[in-house]
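Engineer:
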Amino acid sequence: MSNSAKAEAVLALHRFGMGPRPGSIAALGSDPRAALIAELDRPLVLAAAASLPSSAKAYRTVADANARRTARAKQAQQQAKKQQMASAPTAADDQAQPQLQTQGQAGQEKDAAEMAAKQAADAIPDPGRPMYLQEAKLRTEAALAADIGFAERLVWFWSNHFCISANRIQSMSGAYEREAVRANALGRFVDLLLAVEGHPAMLFYLDNLGSMGANSTAGINRSSGLNENFAREIMELHTLGVRSGYTQDDVISFANVMTGWTLVPPGADPQHGGEFTFNPRLHEPGGQTVLGKRYEQEDVEQGRAVLRDLAAHPATATHVATKLARHFVADEPPPALVEQMAKVFRDTEGDLKQVATLMVSSDEAWRAPPSKLKRPGEWVVGMVRATGITQVDPVLYTGGQQLLGEPLWRPPAPKGYPDDEASWIDGVGRRLDVANNFAERITGMADPQAIIEDVLASQIAPEVKQAVGRAESRQQALALLFMSADFQRR
Amino acid sequence: MGFVDHLPTRRELLVGSGALFAWSQMPRIARAEGRDPRLLVIVLRGALDGLGAVAPVGDPDWISLRGDRALVLDGKPPALPLDAFFALNPAMPNLHRLYKSGKAAIVHAVATPYRERSHFDGQDVLESGLVKPGMTSSGWLNRALLALESGGRVDPRGSRALGIGSVTPLVVRGSAPVMTWVPQKLLPASEDTQSRLLDLYQHTDPKLATVLQARMKLASLSGAPSAGDVMSDDPTLAPPGIARVRAYFADAAGTAARYLAKPDGPRVGAMGFVGWDTHIAEGAASGQLYNLLGALDGAFAAIESNMGEAWGETVVAVVTEFGRTARINGTQGTDHGTGTVAFLIGGGLAGGRVIADWPGLKPAQLFEDRDLKPTTDLRAVLKGLLRDHLRVEEKVLADAVFPGSADVKPMGGLVA
Chain A
292 MSNSAKAEAV LALHRFGMGP RPGSIAALGS DPRAALIAEL DRPLVLAAAA SLPSSAKAYR
352 TVADANARRT ARAKQAQQQA KKQQMASAPT AADDQAQPQL QTQGQAGQEK DAAEMAAKQA
412 ADAIPDPGRP MYLQEAKLRT EAALAADIGF AERLVWFWSN HFCISANRIQ SMSGAYEREA
472 VRANALGRFV DLLLAVEGHP AMLFYLDNLG SMGANSTAGI NRSSGLNENF AREIMELHTL
532 GVRSGYTQDD VISFANVMTG WTLVPPGADP QHGGEFTFNP RLHEPGGQTV LGKRYEQEDV
592 EQGRAVLRDL AAHPATATHV ATKLARHFVA DEPPPALVEQ MAKVFRDTEG DLKQVATLMV
652 SSDEAWRAPP SKLKRPGEWV VGMVRATGIT QVDPVLYTGG QQLLGEPLWR PPAPKGYPDD
712 EASWIDGVGR RLDVANNFAE RITGMADPQA IIEDVLASQI APEVKQAVGR AESRQQALAL
772 LFMSADFQRR
Chain B
7 MGFVDHLPTR RELLVGSGAL FAWSQMPRIA RAEGRDPRLL VIVLRGALDG LGAVAPVGDP
67 DWISLRGDRA LVLDGKPPAL PLDAFFALNP AMPNLHRLYK SGKAAIVHAV ATPYRERSHF
127 DGQDVLESGL VKPGMTSSGW LNRALLALES GGRVDPRGSR ALGIGSVTPL VVRGSAPVMT
187 WVPQKLLPAS EDTQSRLLDL YQHTDPKLAT VLQARMKLAS LSGAPSAGDV MSDDPTLAPP
247 GIARVRAYFA DAAGTAARYL AKPDGPRVGA MGFVGWDTHI AEGAASGQLY NLLGALDGAF
307 AAIESNMGEA WGETVVAVVT EFGRTARING TQGTDHGTGT VAFLIGGGLA GGRVIADWPG
367 LKPAQLFEDR DLKPTTDLRA VLKGLLRDHL RVEEKVLADA VFPGSADVKP MGGLVA
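Protein sequence lines correspond, in order, to chains A and B. Just so we're aligned, residue 292 is where the first sequence starts under my numbering, counting upward by one. Just so we're aligned, residue 7 is where the second sequence starts under my numbering, counting upward by one.
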């Protein structure tokens, strides 16, 4: 392999993949572009996740635990009260006691009952946390094990574009990504859109579960309750993009269209609780006008029709192409590249594999200087991949992500994590703590010179080679290597 | 490798080591003698400047060699006199006190057999006990333990090696079981690492350099005494980063001592301290090296106090991969060299002396006209300790512990 081929392979791995790992440069061969495209033809399933619960099952499990917790707490409280009654002083004794003391005693009894209730509740652990950790482990290990990781990067991109937050729905966050995002990340955008907007996790996250039309059966009975949040975020964040021409009336109409998109209450049905359902009693009857088009459908098809039209809207093509190019290529992506990607999006009815293929086939995507600052998750995975490690402790990994400001599946807002240098560069100092700590943990099993020569095929700035060679210890050498611009930028 | 802050149970030990080797609670011969010796090895990674730590103030060429960077007896603060010829860096009053009471010895102009100048290879040779770098499957301390194990009484909770840090130091790795304790305090990226990274960024990525610089500035501000604190006018006041390093050294060394002191605890341990690669602004009676030596001196105090009654049977060997250039370089530091010092402390030592076959400091007396010439093989010192303190047989030392070292005779008389 020539040096320029090696350099292109390293760029391919950093910019479009999860970073170089042992053997990955050789695996890319002489044509990195073709290798990137070939990876998109492989199935994108997480085989190891077969044993993990579906999002609906996860939700039911958590709901069951919550119900049991409430019941146990109630029981314990009642029992504590009963015991206090039994051991209460007799009337004769009571007469001898000053009034004040009896009041104090009542307070103590109440505290004791509450404590008993809390203890009983705490005895039933939250099953959501282990689910989150297991999902985080499998997702991260898929990124560590991927030859290149282009497809995994696309999963991460779409998961962030259509983000939910584990702060609200911890148990479902990993399953959501698998079921809605991973399954459609290389398909057509419209199918991805229909999958995420119809997913219980998204409906929960964007407050659509109880949104009801003013003239729906439930709306009349309860005097209304339309929630615009879901409709607004779909248009602003998921499809058209902000300030792309839709109006407040469009948002309200669309919100009415989406009423009834909810889930089966988890406690109501042991088979289907937590799954998506269309509830006609919540749905605003009649036709709606969104972006100048009339939708007369009476049920779930009305929302699907609007979503299909939003997916096909030219503004969506531009919005999605811009975000993709910004994520992979540059904070200010080359306009020509964005336009080419948007055109493919429009021409292929949003075939996401074709859009990704066009991106890595375009010279513009390769010519841009490596000015992108990796987000914390990419950087950590890139660092771990370089050492050849393929397994992670999810507690340590998610803890590290938290420390670096990108806690997994917990973005601060529906907009997801930002993708520009300004948002992340101040956190580079913290990365040093993480790199130093990681270097200390692995210094017995990772040789910095071997990483440079074997994993990076010596395609790294001479200054970094020199700094690594002169480091006072392997730990320091590894920390400097992982902190170098070659590892931070892409 | 787990975060373990309690003495591991037997089961954890089994899990951690894969196979359980058991040997006598204390070395067999030592037990017969009614002794229960402890040995702790501290590796200073980065190459300690032996001349900056223990200065040959009586050498006529000393001042001309180091100029105003030379430790002197009338300096500010003055170096601490050891004998008529050597003086100790003023950062180390504890070591000085131990030396004066015969509980510390210093070996000078000492080196491993390694004569190149790569840190990694030098540390490999230092810790593996082999003549050449690259063999990193086991360390000499572990192999010494294996030798002691044979013939011992079987006691699965008996003595074993202790490694401090999330990575077990090579010197104690090998087939004899090792328990590892990870300090709860995380060692922050050292100031040295930060300034090297800053230098790297300044040459490769100005934006990252700006951010790192801001962080370093912030750290120095947040570490400064707050308004409520009594302001110190001590000119040698350690910069804020060093406070964390001091705490880490004392915590790690003090914990090692607590384990070694336990009746059923390990009898040998090893740990590494980083930060000694002083290429830039090394300082002398103040500054970078002074701060690090002060942190090490604090670690000595923590060991002495936490060993309790076991202190009398304790030996601590403090070693480094090689020394530094005899002369100051162009950036007020020193570069990779050869001969250096080793510190030996402990209640079990016959100390109170500097052991040195002094080579002199004239250009022709320096190794390759640049480094302090090594005149003592560090393996002789270590073999002497292993033979006389732990009672490892001399033949085993020459064949298995330091293979190919039959010509290097163990140094006698180190242990009381």
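For glycine and all other residues, C-beta sits at the position ideal for the given N, C-alpha and C.
For A:ALA317, which residues of its own chain have a beta-carbon under 8 Å away from its beta-carbon, when the five flanking residues on both sides are left out?
Structural biologist: The answer, listed in chain order, is MET292.
Engineer: Report yes or no: do three or more beta-carbon pairs, one from the segment 196 to 209 of chain B and one from the segment 739 to 758 of chain A, lie closer than 8 Å?
Structural biologist: Yes, the segment 196 to 209 of chain B is in contact with the segment 739 to 758 of chain A.
Engineer: Determine, using beta carbons only, whether B:HIS125 and B:GLU399 come nearer to each other than 8 Å.
Structural biologist: No, Cβ-Cβ distance for B:HIS125 and B:GLU399 is not below 8 Å.
Engineer: Would you please state the rounded distance, in angstroms, between the beta carbons of A:PHE441 and A:GLY564? I believe it to be under 8 Å.
Structural biologist: That pair is no contact at about 37 Å.
Engineer: Return the CA-CA distance between A:GLN410 and A:ALA364, expressed in angstroms with no decimal places.
Structural biologist: Distance between the alpha carbons of A:GLN410 and A:ALA364: 8 Å.
Engineer: Which of the residues in the segment 92 to 116 of chain B, read from start to end, lie with their CB under 7 Å from any CB of chain A?
Structural biologist: If the cut-off is 7 Å between Cβ atoms, the segment 92 to 116 of chain B has nothing near chain A.
Engineer: What's the gap between the Cα of B:VAL178 and the Cα of B:SER134?
Structural biologist: Going by the C-alpha atoms only, they are around 9 Å apart.
Engineer: Identify whether A:LYS584 lies in helix, strand or coil by the three-state DSSP scheme.
Structural biologist: A:LYS584: strand per DSSP, three-state reduction.
Engineer: With a cut-off of 8 Å, does the C-beta of A:GLY735 fall near any C-beta of chain B?
Structural biologist: Answer yes: the Cβ-Cβ gap between A:GLY735 and chain B drops below 8 Å somewhere.
Engineer: In chain order, what residues of the same chain have a beta carbon less than 6 Å from the beta carbon of B:GLY300, not counting five sequence neighbours either side?
Structural biologist: Contacts found: ALA97.
Engineer: On the three-state DSSP scale, how would you describe B:ALA61?
Structural biologist: Strand, per DSSP.
Engineer: Of all the CB atoms in chain A, is at least one closer than 8 Å to the CB of B:GLY126?
Structural biologist: A small fix is needed here, since residue 126 of chain B is Phe in this sequence, not Gly. So yes, B:PHE126 belongs to the interface.
Engineer: Identify whether A:ARG312 lies in helix, strand or coil by the three-state DSSP scheme.
Structural biologist: Of the three classes helix, strand and coil, the one that applies to A:ARG312 here is coil, per DSSP.
Engineer: Rounded C-beta distance between B:ALA387 and B:VAL113? I'm assuming under 8 Å.
Structural biologist: The question names Ala, but residue 387 of chain B in the sequence shown is Val. Contact flag correct, Cβ pair sits at about 5 Å.
Engineer: Can you tell me whether B:LYS138 is buried or exposed? The criterion is at least 16 other CB atoms within 10 Å of its CB, across all chains shown.
Structural biologist: The residue is exposed, with fewer than 16 neighbouring Cβ atoms inside 10 Å.
Engineer: For A:ALA758, return the contacting residues in chain B, with the cut-off set at a CB-CB distance below 7 Å.
Structural biologist: By Cβ distance, chain B contributes ARG202, LEU206.
Engineer: Need the endpoints of the beta strand (DSSP E) that B:GLY275 sits in, please.
Structural biologist: Looking at the DSSP string, the run of the beta strand (DSSP E) that includes B:GLY275 is 274 to 280.
Engineer: Can you tell which of B:ALA115, B:ALA249, B:GLN338 has its C-alpha closest to the C-alpha of B:HIS285?
Structural biologist: It is B:GLN338 whose Cα lies nearest to the Cα of B:HIS285.
Engineer: According to DSSP, is A:ALA492 part of a helix, a strand, or is it coil?
Structural biologist: Reduced to three states, the DSSP call for A:ALA492 is helix.
Engineer: By alpha-carbon positions, which one of A:ALA338, A:LYS372, A:GLY551 ends up nearest to A:ASP402?
Structural biologist: Residue A:LYS372 is the option with its Cα nearest to A:ASP402.
Engineer: Specify the secondary structure class of A:PRO323 as computed by DSSP and reduced to three states.
Structural biologist: Note: A:PRO323 maps to helix in three-state DSSP.
Engineer: Closer than 7 Å: is that where the CB of A:ARG722 sits relative to any heavy atom of the ligand GTP?
Structural biologist: In terms of ligand content, the structure shown is empty, and the ligand GTP therefore cannot be addressed.
Engineer: For the beta strand (DSSP E) containing A:THR568, name the first residue and the last one.
Structural biologist: Unbroken beta strand (DSSP E) run through A:THR568: 567 to 569.
Engineer: Could you give the first and the last residue of the continuous beta strand (DSSP E) run that contains B:ARG44?
Structural biologist: Start and end: 44 to 51.
Engineer: Tell me whether B:GLU374 is buried or exposed, calling it buried when 16 or more other Cβ atoms sit within 10 Å of its Cβ.
Structural biologist: With fewer than 16 Cβ atoms within 10 Å of its Cβ, B:GLU374 is classed as exposed.
Engineer: My output table needs one value for B:ALA316: the three-state DSSP class, helix, strand or coil.
Structural biologist: Reduced to three states, the DSSP call for B:ALA316 is helix.
Engineer: Where B:THR344 and B:THR381 are concerned, what is the direct C-alpha to C-alpha distance, given to the nearest angstrom?
Structural biologist: Near 11 Å, if we compare the C-alpha coordinates of B:THR381 and B:THR344.
Engineer: Just list the residues that DSSP pairs A:GLY516 with in beta bridges.
Structural biologist: Partner(s): A:MET503.
Engineer: Flag B:TRP68 as yes if its beta-carbon sits less than 8 Å from any beta-carbon of chain A, otherwise no.
Structural biologist: Answer no: the Cβ-Cβ gap between B:TRP68 and chain A never drops below 8 Å.
Engineer: Between which two residues does the alpha helix (DSSP H) carrying B:ARG72 extend?
Structural biologist: It spans 68 to 72 - the alpha helix (DSSP H) in which B:ARG72 sits, taken as one unbroken run.
Engineer: Can you tell me whether A:ASN294 is buried or exposed, with buried defined as 16 or more other CB within 10 angstroms of its CB?
Structural biologist: The residue in question, A:ASN294, is exposed, as its Cβ has fewer than 16 Cβ neighbours within 10 Å.
Engineer: Under three-state DSSP, which class holds B:VAL217?
Structural biologist: Reduced to three states, the DSSP call for B:VAL217 is helix.
Engineer: Alpha carbon to alpha carbon, how far is A:ASP438 from A:ARG312?
Structural biologist: Near 8 Å, if we compare the C-alpha coordinates of A:ARG312 and A:ASP438.
Engineer: Enumerated in chain order, which unbroken segments of the beta strand (DSSP E) with a length of 3 residues or greater are wholly contained in the segment 383 to 469 of chain A?
Structural biologist: Counting whole runs of 3 or more residues, the segment 383 to 469 of chain A contains no beta strand (DSSP E) stretch at all.
Engineer: Who pairs with A:THR553 in a beta bridge, going by DSSP?
Structural biologist: A:THR553 is bridged to A:THR568.
Engineer: Can you check DSSP and say which residues form a bridge with B:ARG326?
Structural biologist: For the sequence presented, residue 326 of chain B should be read as Thr rather than Arg. According to DSSP, which records beta bridges pairwise, B:THR326 is partnered with B:LEU50.
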